[in-house]
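Below is one structure, written out as structure tokens; the observations come after it.
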Amino acid sequence: MSEIIKGRKLGFKLEDVQEVYEGPVGVLWEMLMGEEIHVGGPVETDILAEKANITKKTHVLDICSALGGPARHLARKFGCRVSGLDATKKMFEEAKKRTEQEDLTHLVSYELGNSLDMPFETGIFDVVWGQDAWCYVTDKKKLIAEASRVIKSGGTIAFTDWIQTDTMSEKEWEALNEFMVFPYMETLDGYEKLLEETGFEVIEKEDLSEDFARHCHLYQDKLRNELKPSIIEHYSNELFEAADSGLGMWVAAADQGKVGRGRWIAKKKK
Ligand SMILES: C[S@@+](CC[C@H](N)C(=O)[O-])C[C@H]1O[C@@H](n2cnc3c(N)ncnc32)[C@H](O)[C@@H]1O
Numbered sequence: 004m005s006e007i008i009k010g011r012k013l014g015f016k017l018e019d020v021q022e023v024y025e026g027p028v029g030v031l032w033e034m035l036m037g038e039e040i041h042v043g044g045p046v047e048t049d050i051l052a053e054k055a056n057i058t059k060k061t062h063v064l065d066i067c068s069a070l071g072g073p074a075r076h077l078a079r080k081f082g083c084r085v086s087g088l089d090a091t092k093k094m095f096e097e098a099k100k101r102t103e104q105e106d107l108t109h110l111v112s113y114e115l116g117n118s119l120d121m122p123f124e125t126g127i128f129d130v131v132w133g134q135d136a137w138c139y140v141t142d143k144k145k146l147i148a149e150a151s152r153v154i155k156s157g158g159t160i161a162f163t164d165w166i167q168t169d170t171m172s173e174k175e176w177e178a179l180n181e182f183m184v185f186p187y188m189e190t191l192d193g194y195e196k197l198l199e200e201t202g203f204e205v206i207e208k209e210d211l212s213e214d215f216a217r218h219c220h221l222y223q224d225k226l227r228n229e230l231k232p233s234i235i236e237h238y239s240n241e242l243f244e245a246a247d248s249g250l251g252m253w254v255a256a257a258d259q260g261k262v263g264r265g266r267w268i269a270k271k272k273k
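Residues 4 to 273 (this note's numbering) make up the sequence shown, in order.
Here it is, written out as structure tokens:
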């Protein structure tokens, strides 16, 4: 029996995600994707920025900001202020270090904290932003509610995320999520529903799954053809094999249209 699996969560907690991003797997993601750790890199950041109408005057909150690559990209390109929030100390420290090195601390700052309980006052951000990270968050409804709390009335939420796009067996669902340490993935319509229930007007939702599948192949080719020797040298053959087989499973699921990626733009109703 196959169906879109809803209402089920794997037992991953924030500590499990922190462990991943404190360790070699976090480094591996940067080796694969660059310091903007999301599908499509800087090109995708530019697309989201245009859709979110980012200008010099915008104050952006990047939820799950990781190394701060997108935060610095936005500050450099638009001269806007960006606040980043991430729960992993290593990511937070590295983001701060790179921002100091780039001399962008007058525009970009970071907080260490959980997106489900944000250390920010109510109604202060023009744009709440996220790229390919909310799949790690254990309660997407609460996350969207927190985003709504900190956003100004009439402000914008703009994000991309990895999603489930078709039916699959429970076994496959478990294997895909487990490899990534995702408690669960939302669907394209699931996020739309959450946004509407939380008082947002959805302006745009886009299924980017074909592009996602194409990128999964590119990442697996890079892993095999470029990164293999240095992963084995600096870490181990076991890590390379685990990454290769997990990524292979995702490539297959993406090719079969079972997993993908979406983009949502919505406005907080006045
Ligand atoms: C894929 S990376 C994010 C990439 C980043 N958005 C970018 O485009 O460069 C995932 C990040 O989410 C963070 N994270 C996961 N769950 C979190 C939570 N509940 N609160 C805050 N950060 C979280 C992790 O620490 C990790 O740094």
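Positions of the beta carbon are idealized from the N, C-alpha and C atoms, including for glycine.
Review point. Are the segment 70-79 and the segment 100-112 in contact at 8 Å, needing three or more beta carbon pairs?
Key: Taking 8 Å as the limit for Cβ pairs, the verdict is that the segment 100-112 does touch the segment 70-79.
Check your understanding: For the candidate residues A150, Q167, I166, W165, whose alpha-carbon lies nearest to that of T159?
Key -> For the purposes of this step, residue 159 is taken as residue 156 along the sequence shown, with counting starting at 1. Of A150, Q167, I166, W165, the residue nearest in Cα terms is A150.
Check your understanding: Would DSSP call A74 helix, strand or coil?
Key -> In the sequence shown, residue 74 corresponds to position 71, counting from 1. In the displayed model, A74 falls within a helix according to three-state DSSP.
Review point. Whose C-beta lies closer than 6 Å to the C-beta of M4 among residues of the same chain, with five residues either side of it excluded?
Key: Taking the sequence shown and counting its residues from 1, the one referred to as residue 4 is at position 1. Unreliable positioning characterises M4 in this predicted model, as indicated by a pLDDT of 36, which lies under 50. The coordinate reading is nonetheless provided below. Counting only residues of its own chain and dropping the five nearest sequence neighbours on each side, M4 has no CB closer than 6 Å to any other CB.
Review point. How big is the Cα-Cα spacing for K80 and V111?
Key: Along the sequence shown, read from residue 1 onward, the residue named residue 80 stands at position 77. Along the sequence shown, read from residue 1 onward, the residue named residue 111 stands at position 108. Counting only the Cα atoms, V111 lies some 12 Å from K80.
**Study point:** I154 to A255 span [Cα, whole Å]
**Key:** As a first step, residue 154 must be located in the sequence shown, where it is residue number 151. As a first step, residue 255 must be located in the sequence shown, where it is residue number 252. For I154 and A255, the gap between their C-alpha atoms comes out near 38 Å.
Check your understanding: CA-CA distance, T168 and A269?
Key -> Against the sequence shown, residue 168 aligns to sequence position 165. Against the sequence shown, residue 269 aligns to sequence position 266. Whole-angstrom Cα-Cα distance: 21 Å.
Review point. Using DSSP with H/G/I as helix, E/B as strand and the rest coil, what is H41?
Key: As a working mapping, residue 41 is identified with position 38 in the sequence shown. Coil at H41, not helix or strand.
**Study point:** Per-residue DSSP class, three states only, for L88
**Key:** To locate residue 88, count along the sequence shown from 1; it is residue 85. When DSSP states are grouped into helix, strand and coil, L88 belongs to the strand group.
Point to revise | Nearest candidate by alpha-carbon position, reference G133, set I166, A178, L64 | key: By one-based count along the sequence shown, residue 133 stands at place 130. Checked all of I166, A178, L64; the closest Cα to G133 is L64.
Point to revise | Whether L51 touches D89 by CB criterion (8 Å) | key: Counted from its first residue, the sequence shown places residue 51 at position 48. Counted from its first residue, the sequence shown places residue 89 at position 86. Contact flag unset, no.
Review point. Would DSSP call R266 helix, strand or coil?
Key: Against the sequence shown, residue 266 aligns to sequence position 263. DSSP places R266 in the strand class (E or B) of the three-state scheme.
Practice item. Determine the closest residue to P186 out of W137, G157, G202, M171, with distance taken between C-alpha atoms. Key: Counting from one through the sequence shown, the residue named residue 186 turns up at place 183. The shortest Cα separation from P186 among W137, G157, G202, M171 belongs to W137.
Review point. Within 10 angstroms of its Cβ, does D129 collect 16 or more other Cβ (buried), or is it exposed?
Key: In the sequence shown, the residue the question calls residue 129 occupies position 126. Flag for D129 reads buried.
Check your understanding: Looking only at its own chain, which residues have a Cβ that is under 6 Å from the Cβ of Y238, when we skip the five neighbours before and after it?
Key -> Translated into positions along the sequence shown, residue 238 becomes position 235. Excluding sequence neighbours, Y238 sits near P27.
Exercise for review: Please work out which residues of its chain come closer than 6 Å, Cβ to Cβ, to T108, disregarding the five sequence neighbours upstream and downstream, and give them in chain order.
Suggested key: Within the sequence shown, numbered from 1, the residue matching residue 108 stands at position 105. Within its own chain, the residues whose Cβ lies closer than 6 Å to the Cβ of T108, once the five positions on either side in sequence are excluded, are T102, listed in chain order.
Review point. Under the DSSP definition of a beta bridge, which residues are partnered with T159?
Key: Counting from one through the sequence shown, the residue named residue 159 turns up at place 156. The bridge partners DSSP lists for T159 are V130, K270.
Practice item. Give a yes or no on contact between the segment 229-249 and the segment 21-36, applying the rule of three or more CB pairs nearer than 8 Å. Key: Under the 8 Å Cβ criterion, the segment 229-249 counts as touching the segment 21-36, having at least three qualifying pairs.
Exercise for review: From the DSSP output, in three-state form, read off L64 for me.
Suggested key: Position 61 of the sequence shown, counting from 1, holds the residue named residue 64. L64 falls in the strand class under three-state DSSP.
Exercise for review: State the DSSP-derived secondary structure class of L115, mapped to helix, strand or coil.
Suggested key: Along the sequence shown, read from residue 1 onward, the residue named residue 115 stands at position 112. Strand at L115.
Check your understanding: Since F243 is in the alpha helix (DSSP H), which residue starts that stretch and which ends it?
Key -> For the purposes of this step, residue 243 is taken as residue 240 along the sequence shown, with counting starting at 1. Element bounds for F243: 240-258.
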